[in-house]
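Peer 1: Residue numbers (our numbering), protein chains in the order written: chain A, 467 to 593; chain B, 467 to 593; chain C, 467 to 593; chain D, 467 to 593. Virtual Cβ for every residue (Gly too), placed ideally from N, Cα, C. A single structure is presented below for examination.
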């Protein structure tokens, strides 16, 4: 239960895609992409997400706070300011924080009756 | 068959979620989250897991031993002391060991008839 | 929204396999392997992919451009010059760029009615 | 198409489990665990795999060769010397090579009618 802030200040996720449809009860079974953020330190983490696209300039920053000693599982579906993340569109993301955090990427795809799941650690940028 | 202890002493898994239901025969097909720990060294690994939440203070440590030259595939579902890990709740974990180990994270989701699987290496903290 | 080029100039993906069949509407649900490339920098990335096989010499380079501040989710199915990537065949890939990028690997397998998904970061080669 | 040997000489995979059953046509749809090995260099890679268990001493080495500039997608199901890898049993593996290689881990689980897939890079041990 160390208060040390573990991880890196910048993380990259090249894969992003919110499936255009879902089956099953919302919101648990809604198709979604999630960035799981963990802040193990004693100071709140002020996080900014920038979204990159195939054919236009990046959008952001999307501002989030991960309180000290807390995890935030942020659905990209729920990012709306400055603008919603489009569905059925390839995107990528860079996640920056003022203190070290750790970031993991997960997608649940329920376009078909049986869900698909994928996950990976985001790519940490060395300090 | 080297006796050298490979890996790192601290690992982070930001994603944690035990699905609230299962289909199929237990325990093989029960929805579960697992931390796969490998201790390649000649000394037992004394491991402590701390669980982080979105809205309350971390819980732990959960104490485990991975004997020398053994692997332990520990289901988070089975962690009960100091308290069970809640289902249908976002969490994250930090895994600390007194000797280097390697940690991989896996989830089997059998809420629907056909299982979903995900895995990733945990994020190692450099010594 | 930093213009800094993040990542590494070389990435490795040992796993490659384009399933021989699909179910569901094309192209979204076609079985495919994808390399998700993100170029966060202000200069276009000139990328070369080399494909390795089990039983013959490597093929390539396949040339791609990822424009500045853009992501490209490139299906291996769509690589045709110098030759198409064969289906139902084990392969591997090395991705080289003249500027740092980040690479993530994804497969959608729709041979059966319900899709299978997998992803991982490619393995970065330190500069 | 560089002849440089990329990667690391040792890799660790804490997760290992060959499901006890399959559905669908063999061998493509048989439940299996695979280590995908890529040798980008100009010298053959002589590889040794050691298998670790929960409750007995490690077994190995299993000897493989990955020829120069080739990939080998080795199913753990097919490792038989010094002894077959048991099914329905937790295991882990360490993969050692005399030259740098890159290793990725994949499982296809076809116990149920629709397949489950997972993958991750193995954990590289720094030289």
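Tell me which residues share the same chain as residue 593 (chain B) and place their Cβ nearer than 6 Å to its Cβ, disregarding the 5 neighbours each side in the sequence.
Peer 2: None.
Peer 1: Closer than 7 Å between beta carbons: that is the criterion. Which residues of the region 536-552 of chain B meet it against chain D?
Peer 2: The residues in question are 536, 537, 538 and 539.
Peer 1: In three-state DSSP terms, what is residue 508 (chain B)?
Peer 2: Coil.
Peer 1: So, residue 559 (chain C) versus residue 514 (chain C), is the Cβ gap smaller than 7 Å?
Peer 2: Taking 7 Å as the Cβ cut-off, residue 559 (chain C) and residue 514 (chain C) do not qualify as a contacting pair.
Peer 1: Leaving out the 5 sequence neighbours to the left and right, which residues in its chain are closer than 6 Å to residue 500 (chain D) when beta-carbon positions are compared?
Peer 2: Answer for residue 500 (chain D): 539, 541 and 572, listed in chain order.
Peer 1: List the DSSP bridge partners of residue 516 (chain B).
Peer 2: Answer is B:560.
Peer 1: What residues from chain B crowd round residue 569 (chain D), counting only those whose CB sits closer than 7 Å?
Peer 2: Chain B residues near residue 569 (chain D): none, gap ~11 Å exceeds 7 Å.
Peer 1: In the DSSP assignment, find the unbroken beta strand (DSSP E) run with residue 529 (chain A) in it and report its ends.
Peer 2: Its beta strand (DSSP E) spans residues 525-532.
Peer 1: Residue 479 (chain B): buried (16+ other C-beta within 10 angstroms of its C-beta) or exposed?
Peer 2: So residue 479 (chain B) counts as buried.
Peer 1: How big is the Cα-Cα spacing for residue 551 (chain A) and residue 536 (chain C)?
Peer 2: Rounded to the nearest angstrom, the two C-alpha atoms are 15 Å apart.
Peer 1: In terms of residue numbering, what span does the beta strand (DSSP E) encompassing residue 481 (chain C) cover?
Peer 2: Its beta strand (DSSP E) spans residues 474-482.
Peer 1: I need the straight-line Cα distance from residue 567 (chain C) to residue 469 (chain C), nearest angstrom please.
Peer 2: Rounded to whole angstroms, residue 567 (chain C) to residue 469 (chain C) spans 12 Å at the Cα level.
Peer 1: Alpha carbon to alpha carbon, how far is residue 525 (chain C) from residue 534 (chain D)? Give it in angstroms, no decimals.
Peer 2: Approximately 14 Å between the Cα atoms of the pair.
Peer 1: In angstroms, rounded to a whole number, what distance separates the CA positions of residue 556 (chain C) and residue 486 (chain C)?
Peer 2: If I take the Cα positions, the gap works out to 12 Å.
Peer 1: Can you confirm whether residue 504 (chain B), when its beta carbon is compared against all beta carbons of chain A, has any partner nearer than 7 Å?
Peer 2: No, because no Cβ of chain A sits closer than 7 Å to the Cβ of residue 504 (chain B).
Peer 1: Expressed to the nearest angstrom, what Euclidean distance is found between the alpha-carbon atoms of residue 516 (chain D) and residue 587 (chain B)?
Peer 2: Answer to the nearest angstrom: the Cα atoms are 19 Å apart.
Peer 1: Any beta-carbon of chain F closer than 7 Å to the one on residue 531 (chain B)?
Peer 2: Any reference to chain F falls outside this structure, whose protein chains are A, B, C and D.
Peer 1: Do you know how far the Cα of residue 553 (chain D) is from the Cα of residue 554 (chain A)?
Peer 2: Roughly 40 Å between the two C-alpha positions.
Peer 1: For residue 473 (chain B), which residues in the same chain have their Cβ closer than 8 Å to its Cβ, ignoring the five residues on either side in sequence?
Peer 2: Here the set comprises 504, 506, 566, 567, 568, 569 and 590.
Peer 1: With a CB to CB cut of under 6 Å and the five nearest residues on each side skipped, what residues in its chain are close to residue 519 (chain D)?
Peer 2: These residues qualify, in order along the chain: 557.
Peer 1: Using a Cβ-Cβ distance under 7 Å, would residue 572 (chain D) count as near chain C?
Peer 2: Yes - at least one Cβ of chain C is within 7 Å of the one on residue 572 (chain D).
Peer 1: Would residue 564 (chain B) pass as a contact of residue 498 (chain B) if the rule is Cβ separation under 7 Å?
Peer 2: Going by C-beta atoms, residue 564 (chain B) is not nearer than 7 Å to residue 498 (chain B).
Peer 1: Output needed in chain order: residues of the region 501-527 of chain C with a Cβ under 8 Å from some Cβ in chain D.
Peer 2: The residues in question are 516, 518, 519, 520, 521, 523, 524, 526 and 527.
Peer 1: Just list the residues that DSSP pairs residue 499 (chain A) with in beta bridges.
Peer 2: According to DSSP, which records beta bridges pairwise, residue 499 (chain A) is partnered with A:573.
Peer 1: Less than 7 Å between the beta carbons of residue 583 (chain D) and residue 584 (chain C), yes or no?
Peer 2: Yes, the pair counts as a contact, with Cβ atoms nearer than the cut-off.
Peer 1: Please identify the residue among C:471, C:482 and C:481 whose C-alpha is closest to the C-alpha of residue 477 (chain A).
Peer 2: When each option's Cα is compared against that of residue 477 (chain A), the closest is C:471.
Peer 1: Run down chain B in chain order and give the residues with a C-beta less than 8 Å from the C-beta of residue 586 (chain C).
Peer 2: Those are 586, listed as they occur along chain B.
Peer 1: Classify residue 546 (chain D) as buried or exposed, calling it buried when 16 or more other Cβ atoms lie within 10 Å of its own Cβ.
Peer 2: Residue 546 (chain D) is exposed by the Cβ-count criterion.
Peer 1: Using the rule of at least 16 other Cβ atoms within 10 Å of the residue's Cβ for burial, across every protein chain shown, is residue 549 (chain B) buried or exposed?
Peer 2: Counting Cβ neighbours within 10 Å, residue 549 (chain B) comes out exposed, since fewer than 16 surround it.
Peer 1: Which residues in the same chain have their Cβ closer than 7 Å to the Cβ of residue 527 (chain C), if we skip the five residues on either side of it in sequence?
Peer 2: Excluding residues within five positions, the ones whose Cβ falls inside 7 Å are 514, 515 and 516.
Peer 1: With 7 Å as the threshold, decide whether the Cβ of residue 480 (chain C) is near any Cβ in chain D.
Peer 2: Answer yes: the Cβ-Cβ gap between residue 480 (chain C) and chain D drops below 7 Å somewhere.
Peer 1: Taking the C-alpha atoms as reference points, what is the distance between residue 483 (chain D) and residue 484 (chain A)?
Peer 2: Cα-Cα distance, rounded: 31 Å.
Peer 1: At what residues does the beta strand (DSSP E) containing residue 538 (chain A) begin and finish?
Peer 2: 536-541 is the span of the beta strand (DSSP E), which, as asked, contains residue 538 (chain A).
Peer 1: Based on the DSSP output, what are the partners of residue 586 (chain A) in its beta bridges?
Peer 2: A:571, per the DSSP bridge assignment.
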